[in-house]
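> One structure, as structure tokens, below. Some questions next.
In our numbering, the protein residues as written are 5 to 182.
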């Protein structure tokens, strides 16, 4: 068994079965929240995942300039490395503005689509790494307030590529993309 695979298994065991077990923190299932007192923010994990991914896929209902500003420099760095991503969003509640769509379309390594799925209110961030996938799913859209200010609950999970849950999530994201 590979070291990464064992580390993920140990982390899942610790996160979902026995919190006293030893495991690598970077693979451990975790609840992500904004906590100003502890200076912990959802954006930090999103940025860490972007820093080490080989590909990314965001499925979010809302995008704002502030949310995009958090990751613009990082997206440019990823573009220089040839790392690409996808973002699917919507016009749900007419929240996204034409200005944000224009800004998204200027990012060279980001493919953007808008779904016409009725009531699209998804919030998922999928990252493909060399030997595993990670996903952040919860209440945070790609907005400054969701990623750094609001009381938001998100779960980060890490899975080996063959994991059933990660495959199901990836299939759902791909279906909405198409």
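Virtual Cβ for every residue (Gly too), placed ideally from N, Cα, C.
Check each candidate in 102, 181, 22 and name the one with the smallest Cα separation from residue 120.
Along the chain shown, read from residue 1 onward, the residue named residue 120 stands at position 116. Nearest option by C-alpha distance: 181.
> Should the region 46 to 54 be called in touch with the region 151 to 159, which here means at least 3 C-beta pairs below 8 Å?
yes
> Could you compute how far the alpha carbon of residue 165 sits from the alpha carbon of residue 98?
Within the chain shown, residue 165 is the residue found at index 161, counting from 1. Within the chain shown, residue 98 is the residue found at index 94, counting from 1. Each residue's Cα considered, the two are about 35 Å apart.
> Which whole-angstrom value describes the C-beta separation of residue 138 and residue 127, a residue pair presumed to lie in contact below a C-beta threshold of 8 Å?
Within the chain shown, the letter at position 134 stands for residue 138. Within the chain shown, the letter at position 123 stands for residue 127. That belief does not hold up - the Cβ atoms of residue 138 and residue 127 are roughly 15 Å apart, past 8 Å.
> Who are the Cβ neighbours of residue 93 in its own chain at under 7 Å, not counting the five residues just before and after it?
One-based indexing of the chain shown puts residue 93 at position 89. Excluding residues within five positions, the ones whose Cβ falls inside 7 Å are 64, 65, 67, 100, 118.
> Where does residue 23 fall in DSSP's three states?
Counted from its first residue, the chain shown places residue 23 at position 19. Coil, per DSSP.
> Along the chain, where does the beta strand (DSSP E) that runs through residue 116 open and close?
As a first step, residue 116 is located in the chain shown; it is residue number 112 there, counting from the start. 114 to 118 is the span of the beta strand (DSSP E), which, as asked, contains residue 116.
> Count the other CB atoms within 10 Å of the CB of residue 53; is the residue buried (16 or more) or exposed (fewer)?
Within the chain shown, numbered from 1, the residue matching residue 53 stands at position 49. Residue 53 comes out buried.
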